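Trainee: When we follow our numbering, the leftmost residue of the sequence shown carries the number 522, and every step to the right adds one.
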Amino acid sequence: MTKVRKSSKKLDTYQICVTVIEAKHLEQNGSPMVVVRVGNRKKKTAVRKTTDNPYYNEVLYICSRVWQYFVFDLTCNMDTLLSTRLELAVYLCGRLKRSKFHGNIVFEVATVWDQPDHQYHHKWAMLTNPRDLTSGPRGYVKCNIAVHAKGEKFKMQPGTDGDDDIEGNLLLPLGDSRYFATRQRARYVFTLHRVEDMADAKGRLCYISLSFAGMKSSTSSDAGGNPRFDERLIFKEMFPPLCHRARISIKCRKSSRGCCRNNTIASYLLNLKSISNSGEYGFLPTFGPSFLHLYADAANLTGAIYRGRLLLSLKTEIDRSEAASSGAVGVHLETAASIVEDSLWRLDEYLLVGVIYDCSMIDRSLLASGRSASLELSLGNAGNLSYSDHQLRVCDEEAQENDNKNSAEEETTYAATGCASPDSQSETLAQIVTSLDGKYNCLEFGVKKPCVFVKSWWPNTEWRARNTNRLTFIADNLERELERLQTLVTLGHEAAHSAYNSAIRGLQRHCASYLHSLRSLAMGCARPDDNGEDVVSCMTSLDRHRLNYCRREIEGVMQKVKVNGELGDNGLIRIAMVHARNHLRIIRSLCKDPQHTLPDIFLWLLSNSRRLGYTRLPASRVLYAEERPERGRNCGQRLNLFLETRDSSAVVCQTELFLWLGNAKFAGACWSALPPGYRLEDETLGGGRLDVFPKFLEYEKSSKFQLRAHIFQGRFEPGMDSSGLLDPMLRVIFQGYTMATRVIKQTLDPFWDQTLVFPAIDVHGMREHVKNHPPKVVLEAFDRDYCNSLELYGRCVARPLVKLDTETYSPPDFPPKLRWHRFGHDDDNGNDDRRPAADDSGAAVLAAFELVEICDKDQALDTPDLVSSSPRVYRVPEDIRPKMATYRIEVVFWGVRDMRRLNLAPLHRPKIVVECAGVHVESEVMENAKRFANFQEMRVSVDLEMATEEMYYPPITIKAYDSRGFGCFKYAGMCCIPTIYVFMQRLITKSEYESAIYHSSRKSRPTVQQHTAVAIEPDYKKTSDDQEEVAIALMSYKKLSRQQRHTASSGTAGQLLGRLLRWRRTTKRAAATAALDRDESHDWWSKYYATLEVSKEVL
């Protein structure tokens, strides 16, 4: 077997560039110096003697250095980068090189990252003394700050007018400047109540450390697996703060060899922007009381991934009292009262069910054949067998302590939260690992599919997940419609506006249903009090603010859609697409709730008590609700999950399983969602209980199916090799069997034209259910390097088309159509038929998959014939492959410009190769590019076979080589055009040609339709040139069409006036010709003919 290279998880390198320009309003007759600190590193400017307005943006001619420009390199992940502190401080230097602190400003890199282009340009940073806020501003420092990835070019900002206006150019966070111009003193009150399910603490002393706005404090220590603190940390800082991320860390003290060490168990970054709103109906940062589920950091993956949950609340108070005006920035600790958790939520029993149907793609280097393996399913740590004994022991200890305090009943209920019930079975029985084809290992289950279930008690805050799932449902439907619409827009289809109108009507219908459901959602989280009389709402303050904010945003989307109206034609389709993507962006931003509901679900692969790999997915994705929009997108479905190692460096295996999570009272809905065809005995249900599941689901219904994978062509992005080209190969995995295509050398648009026929397998379940929910197919793309090593490029999951033996293999259902499958896209809801457009950053493969049911005979009679080009290598059948036609591609090779050196050697004899659909068009070798950079023989034409349908059009790859003599060509570079559609031209008849040449009438001339495939990016940003589009955001498309027609008529009048004044332009033609030669925006053909004239003079 060929060795697969495992990609390691690398950290990115970022650069923080700070330019100190000048400072103003400092202490008079001082000698200021600016110190820039980023994390633990600092750099400083030169000292300016006896001035209160120093200027640093100048060059020192003695050493020819620019002292004010500093660059800091950080190698870290994104979370670490955003939480890095950045400080600008001014010191006044005195005698004997002593410096005195004058003032500073501290903020996080996240503040810069949120700005347009990730930079501040010519902004004034206000200096303050953190020990004395009553002193007011202590000066201003003008600076430029930019954050970007190393090697990336950032946008250079032009000089702006009014830079001396300090109040109008203050360095402030992104938002309305009205709320930041007058910052106020505020108190950020973090109340830390208790921590649950800390399995890794093992009875050691634990405490909570909290850092915010450059200040840090911690609670007192407490021992036990569920420590209780009930303490309040109060931070005094200005509002709005420049640091909007608070880091909460749970640490424990461990004594060894006479020294005490602090180990971080888990940490969490609480973003204040996600729990506040600066709008007209906004609110101050608030949170909880609610649980925060904590997970292991990427740097500390030993032990459990789920590290427990913290009961936390946050309240922000604006301090307007006169007594507080003398206070300084700081933090202090207070004792807080315990909260009554029964008033916030009720404890309900939840049921997590999983049925494993397939476990394949097991890495042979991690788990060899003949060894035993099993799978474990858990909700948080509920079901994790490594910590079940610890959880039960903690529950017993807490119950015994509460008995002594005469409060055993209440506290035992809390201690049991998050623990699996004794009758749960979270691990499958161990089975022997086998291999079906010698490439990957697998677990063969046969007719008995392992079943696992976990029952545990959790606080019921389902209204948050239901609200999130309903918003996700709206966003998913809109995104699906926009993907289909993008294909029509790119191809210029005449029905694009009809598809847009249909998508907008669906959006209005879903938004109206969401607004109607908000009232029932609020009533669903209310319950009677202890006396059973009044209704008590379980919502927190943030829950109420969030629901009101979601309601206003959805109403705003509906208002914009109503005002814009529907389209009558394709004239304004691109502007409408921009508006639709803005609607999608708004709805997507509402989908994430900062307050957690349930912990993540974990699936582990175990072997002899060793945890080889795991995967995790949010609980809201499989959470059950009675209404379909409020249900998780994957609830009650068969999922394909890839289990990875702890450091995510390699895939351990692929698992296909059924998942269902919901309240235990809805256990009957889980039985209804299970794939039918199994046989169940009464004694396996544990006395007829619906919340108890057997160890196996034995299927008595099965059918024999054969998979046929039709791989036609692919499209890849440059990357893996140093040349930018690939040697791609596809590997198809299905139910433990693996087959691969041939390797195509040095290309980005491989043309395989292969059909892979898999051995027949038994698929268990009802034939009708398999028809609608077939097992998925896994595709892996590899790049073959030297020494036959394979490097993984990408992976995707596809859904095959099922043909039963009772169906006729004829249109319209059969044969299957070729579709584009994007790598990195899990095709859970069907194939993705969207053509990769120019704005797609991922690769894709054009393929079709059919799962054919076969009888007892060797081969099905009603299937297409497979034509073999060589032994066991089949071509795609004619009725599946796209309809081909003969096209003629004409390439005009003009010349080359600005060719860089290759390995320090200049490129004097270049050659250009154009590839399309497996056809190569080569230019001649240029004699001397330095002397004459144009080709002598320019026009080359060749015929090629290409699909007639637009969605199958292949890309174009342009490569450049340099001739080094003796038949040796060195690869210089390449350019990839996503589709050839933009170059398609309609041929005209002879009569149209003659009428265009010999008749001067405009009516007789043929109308040439120019197709332009310009895809608008989803993250489209408005610039100063888009003010017209911004103005029509709330204008009807019909009114806009009339305005454009009026503009067109005005343009026609202007053309007539230009003809009358043509004689005035004749005298200036000579001067305009010289100006066009210097104009880079002029068309290339004019420049080309101009270079021909120059070449004649040179020769």
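In this text, a Cβ means the ideal position worked out from N, Cα and C, and glycines have one as well. Source: prediction; values computed, not measured.
Let me make sure I understand the geometry here. Which of Ser799, Gly809, Val568 and Gln1175 has the alpha-carbon closest to that of Arg885?
Mentor: Along the sequence shown, one-based indexing puts residue 885 at 364. For the residues Ser799, Gly809, Val568 and Gln1175, the minimum Cα distance to Arg885 belongs to Gln1175.
Trainee: Helix or strand or just coil, what does DSSP make of Met719?
Mentor: Here residue 719 refers to the residue found at position 198 of the sequence shown. The answer is coil: DSSP assigns Met719 none of H, G, I, E or B.
Trainee: Identify the continuous alpha helix (DSSP H) that holds Gly1077 and give its terminal residues.
Mentor: Start at 1 with the first residue of the sequence shown, and residue 1077 comes out as number 556. Start and end: Ser1062 to Asn1085.
Trainee: What's the C-alpha gap between Tyr462 and Arg1001?
Mentor: What the structure shows of the chain is the stretch from 522 to 1620, and residue 462 is not part of that stretch, so it cannot be assessed.
Trainee: Reducing DSSP to helix, strand and coil, say where Lys671 ends up.
Mentor: Residue mapping note: residue 671 aligns to position 150 of the sequence shown, counting from 1. DSSP places Lys671 in coil when its eight states are reduced to three.
Trainee: Ignore the nearest five residues each way along the sequence and tell me which others in Ala986's own chain have a CB closer than 6 Å to its CB.
Mentor: Translated into the one-based positions of the sequence shown, residue 986 becomes position 465. Closer than 6 Å at the Cβ level, and outside the excluded window around Ala986, lie Thr1118, Ser1141 and Leu1144.
Trainee: Helix, strand or coil: which one does DSSP assign to Met1420?
Mentor: Working through the sequence shown from its first residue, we reach residue 1420 at position 899. Three-state result, Met1420: coil.
Trainee: Tell me where the beta strand (DSSP E) around Val1298 begins and ends.
Mentor: Within the sequence shown, the letter at position 777 stands for residue 1298. Run containing Val1298: Val1298 to Arg1305, per the beta strand (DSSP E) assignment.
Trainee: What's the call for Met1260, buried or exposed, on a 16-neighbour Cβ count within 10 Å?
Mentor: For the purposes of this step, residue 1260 is taken as the residue at position 739 of the sequence shown. With 16 or more other Cβ atoms within 10 Å, it is buried.
Trainee: Among the candidates Ala1450, Glu1004, Val710 and His765, whose CA atom is the shortest distance from the CA of Lys836?
Mentor: The sequence position of residue 836 within the sequence shown is 315, counting from 1. Closest by alpha carbon: Val710.
Trainee: Excluding five sequence neighbours on each side, which residues of the same chain lie with their C-beta closer than 7 Å to the C-beta of His1429?
Mentor: The residue given as residue 1429 occupies position 908 in the sequence shown. Cβ-Cβ distances below 7 Å link His1429 to Asn1449, Ala1450 and Lys1451 in the same chain, with the five nearest sequence neighbours on each side left out; the list follows chain order.
Trainee: Would you call the segment 798-817 and the segment 1062-1069 in contact, with 3 or more CB pairs under 8 Å?
Mentor: yes
Trainee: DSSP puts Met1260 in a beta bridge; with which residues?
Mentor: Here residue 1260 refers to the residue found at position 739 when the sequence shown is read from its first residue. Note: Met1260 sits in a beta bridge opposite Val1253.
Trainee: Looking at Lys970: is its Cβ nearer than 8 Å to the Cβ of Ser945?
Mentor: Residue numbering aside, residue 970 sits at position 449 when the sequence shown is read from its first letter. Residue numbering aside, residue 945 sits at position 424 when the sequence shown is read from its first letter. Cβ distance not < 8 Å, so Lys970 and Ser945 don't count as in contact.
Trainee: Quick check on His1294: does DSSP put it in helix, strand or coil?
Mentor: Along the sequence shown, one-based indexing puts residue 1294 at 773. Coil at His1294, not helix or strand.
Trainee: Beta-carbon within less than 7 Å of Met1287's beta-carbon, same chain only, minus the 5 sequence neighbours each way: which residues are those?
Mentor: Within the sequence shown, the letter at position 766 stands for residue 1287. Pro1197, Gly1198 and Lys1222, listed in sequence order.
Trainee: Cβ of Ala996 within 8 Å of Cβ of Cys1112?
Mentor: Locating residue 996 in the sequence shown gives position 475, counting from the first residue. Locating residue 1112 in the sequence shown gives position 591, counting from the first residue. Taking 8 Å as the Cβ cut-off, Ala996 and Cys1112 qualify as a contacting pair.
Trainee: So, under 8 Å CB-CB, Asp840 and Arg652 are touching, yes? Tell me the CB distance rounded to an integer number of Å.
Mentor: Counting from one through the sequence shown, the residue named residue 840 turns up at place 319. Counting from one through the sequence shown, the residue named residue 652 turns up at place 131. Actually they are not in contact, since the Cβ atoms of Asp840 and Arg652 sit about 17 Å apart, beyond 8 Å.
Trainee: Grouping DSSP H, G and I as helix and E and B as strand, with all else coil, what is Asn1622?
Mentor: One cannot answer for residue 1622 here, as it falls past the ends of the chain, which runs 522 to 1620.
Trainee: For Leu1339, which residues from the same chain have a beta carbon less than 6 Å from its beta carbon, with the 5 sequence-adjacent residues on both sides left out?
Mentor: Walking along the sequence shown from the start, residue 1339 turns up at place 818. Around Leu1339: Phe1233, Leu1367 and Ala1369.
Trainee: Mapping DSSP to helix, strand and coil, what is Ala1017?
Mentor: For the purposes of this step, residue 1017 is taken as the residue at position 496 of the sequence shown. Ala1017 falls in the helix class under three-state DSSP.
Trainee: Give me the Cβ distance between Leu607 and Phe628, rounded to the nearest whole Å; I'm assuming they're in contact under 8 Å.
Mentor: In the sequence shown, the residue the question calls residue 607 occupies position 86. In the sequence shown, the residue the question calls residue 628 occupies position 107. About 6 Å; that satisfies the 8 Å criterion.
Trainee: Look up Val710 in the DSSP assignment and give the residues it is bridged to.
Mentor: For the purposes of this step, residue 710 is taken as residue 189 along the sequence shown, with counting starting at 1. Answer is Ile755 and Lys836, bridged to Val710.
Trainee: Just to confirm, are Phe593 and Gln536 a CB contact at a threshold of 8 Å?
Mentor: On the sequence shown, residue 593 is found 72 positions in, with the first residue counted as 1. On the sequence shown, residue 536 is found 15 positions in, with the first residue counted as 1. Taking 8 Å as the cut-off, the Cβ atoms of Phe593 and Gln536 count as close.
Trainee: Would you decide whether Met1250 is buried or exposed? Buried here means 16 or more other CB atoms lie within 10 Å of its CB.
Mentor: For the purposes of this step, residue 1250 is identified with residue 729 of the sequence shown, where counting begins at 1. Met1250 is classed as buried because its beta carbon has at least 16 other beta carbons within 10 Å across all chains shown.
Trainee: Could you check whether Trp634 and Leu595 sit closer than 8 Å to each other, using their CB atoms as the reference points?
Mentor: The count along the sequence shown starts at 1 and reaches residue 595 at position 74. The count along the sequence shown starts at 1 and reaches residue 634 at position 113. Contact: no.
Trainee: Does the beta-carbon distance from Ala1230 to Thr1276 come in below 8 Å?
Mentor: In the sequence shown, the residue the question calls residue 1230 occupies position 709. In the sequence shown, the residue the question calls residue 1276 occupies position 755. Cβ atoms of Ala1230 and Thr1276: closer than 8 Å.
Trainee: Suppose you measure from the CA of Gln1531 to the CA of Arg1005; what does that come to, to the nearest Å?
Mentor: Counted from its first residue, the sequence shown places residue 1531 at position 1010. Counted from its first residue, the sequence shown places residue 1005 at position 484. Low confidence applies to Gln1531: its pLDDT is 37, below 50, so where it sits in the model is not reliable, and the reading given next is rough at best. Distance between the alpha carbons of Gln1531 and Arg1005 is about 23 Å.
Trainee: Locate the alpha helix (DSSP H) running through Val1010, then write down its first and last residues.
Mentor: Here residue 1010 corresponds to residue number 489 of the sequence shown, with the count starting at 1. Glu983 to Leu1012 is the extent of the alpha helix (DSSP H) around Val1010.
Trainee: Any idea what DSSP makes of Asp1464, helix, strand or coil?
Mentor: Translated into the one-based positions of the sequence shown, residue 1464 becomes position 943. Note: Asp1464 maps to strand in three-state DSSP.
Trainee: So, at 8 Å on beta carbons, what are the nonlocal neighbours of Arg1152 in its own chain, with the 5 sequence-adjacent residues on each side left out?
Mentor: As a position in the sequence shown, residue 1152 is number 631, starting the count at 1. Around Arg1152: Asn990, Leu1144, Tyr1145 and Ala1146.
Trainee: Considering just the uninterrupted stretch of the beta strand (DSSP E) at His1100, what are its terminal residues?
Mentor: As a first step, residue 1100 is located in the sequence shown; it is residue number 579 there, counting from the start. Careful: His1100 lies outside any beta strand (DSSP E), inside the alpha helix (DSSP H) at Ile1094 to Ser1110.
Trainee: Under 6 Å Cβ to Cβ from Phe1163, same chain only, skipping five residues before and after it: list those, please.
Mentor: To locate residue 1163, count along the sequence shown from 1; it is residue 642. Taken in chain order, the residues that qualify are Val1172 and Gln1175.
Trainee: Of all the CB atoms in chain D, is at least one closer than 8 Å to the CB of Phe1272?
Mentor: Among the protein chains of the structure shown there is no chain D, as only one such chain exists.
Trainee: Rounding to the nearest angstrom, what Cα-Cα distance links Tyr802 and Glu1076 in this structure?
Mentor: As a first step, residue 802 must be located in the sequence shown, where it is residue number 281. As a first step, residue 1076 must be located in the sequence shown, where it is residue number 555. Their Cα atoms are separated by approximately 14 Å.
Trainee: Would you call the segment 1010-1025 and the segment 1081-1100 touching, i.e. three or more CB-CB distances under 8 Å?
Mentor: Look at the beta carbons and you see the segment 1010-1025 touching the segment 1081-1100: at least three pairs across the two are nearer than 8 Å.
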